[in-house]
Structures are given as structure tokens and as C-alpha cells.
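Residue numbers (this note's numbering): 1 to 87.
Below, the structure is given as C-alpha cells:
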């Protein structure tokens with residue numbers, strides 16, 4: 001089964017190392033083989049992942065805490081200016 005990633009969101013996060021990181025959220029899509037369409041039809045698999053802009057994987061635990069894999073650097077999503085102005 002052929003699979004690909006589909007970009008859902010991008011945001012800035014600050015690490016506990018005081019650095020800022022760009023994070024991308026993706027959903028996994030699978031190509032439906034039964035559909036006779038030259039372009040193919042893609043369906044979500046229910047899996048998602050987060051990666052840094054440089055491709056490094058982000059682990060997200062059940063509480064939603066993000067950590068850069070293999071480094072232990074914890075990330076906190078920065079609030080957008082619009083969200084901050086709303087309260």
C-alpha cells in the first residue's frame with residue numbers, strides 16, 4: 001500500500017533550551033488501490049506525526065507534551081498574536 005504525508009499545520013514552538021523551532025504537523029494518507037483513477041484516491045489512515053522543519057521527529061505524549069526525539073528538548077507551542085489578543 002502506497003502512503004504519503006499531508007501537511008496539516010505549521011507553528012513555532014520554544015524549547016526548554018531557549019531556542020525557537022518551526023514544527024510541522026502531518027497526517028498519513030494511504031492510496032486506495034481499488035479506485036481506477038490515474039491520479040489515485042488518498043484516504044487518511046488515522047495516524048499523525050509532528051516533525052521539525054529540518055525533519056527531526058517530535059514525540060507527543062498522551063498529555064500533549066512535545067519532545068524532540070533523542071534529545072529530551074521539550075517544546076511549548078507559541079501562541080499566535082491573534083490568539084494572544086483574544087485572551
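The beta carbon of each residue, even a glycine, is placed where N, CA and C say it ideally should be.
Can you find the residues in the same chain that come closer than 6 angstroms, C-beta to C-beta, to residue i, ignoring five residues on each side of it along the sequence?
i: residue 27; result: 6, 8, 44, 48
i: residue 33; result: none
i: residue 10; result: 24
Quick check: residue i and residue j, are their CB atoms within less than 8 angstroms of each other?
i: residue 16; j: residue 60; result: no
i: residue 13; j: residue 56; result: no
i: residue 52; j: residue 66; result: no
i: residue 1; j: residue 42; result: no
i: residue 31; j: residue 40; result: yes
Near residue i, what residues of its chain come up, given a Cβ to Cβ distance below 8 angstroms and the 5 sequence neighbours on each side ignored?
i: residue 58; result: 23, 49, 50, 51, 52, 66, 67, 68, 69, 75
i: residue 29; result: 3, 4, 5, 6, 42, 43, 44, 45
Segments of 4+ residues assigned as alpha helix (DSSP H) that fall wholly inside the region 25 to 55: none
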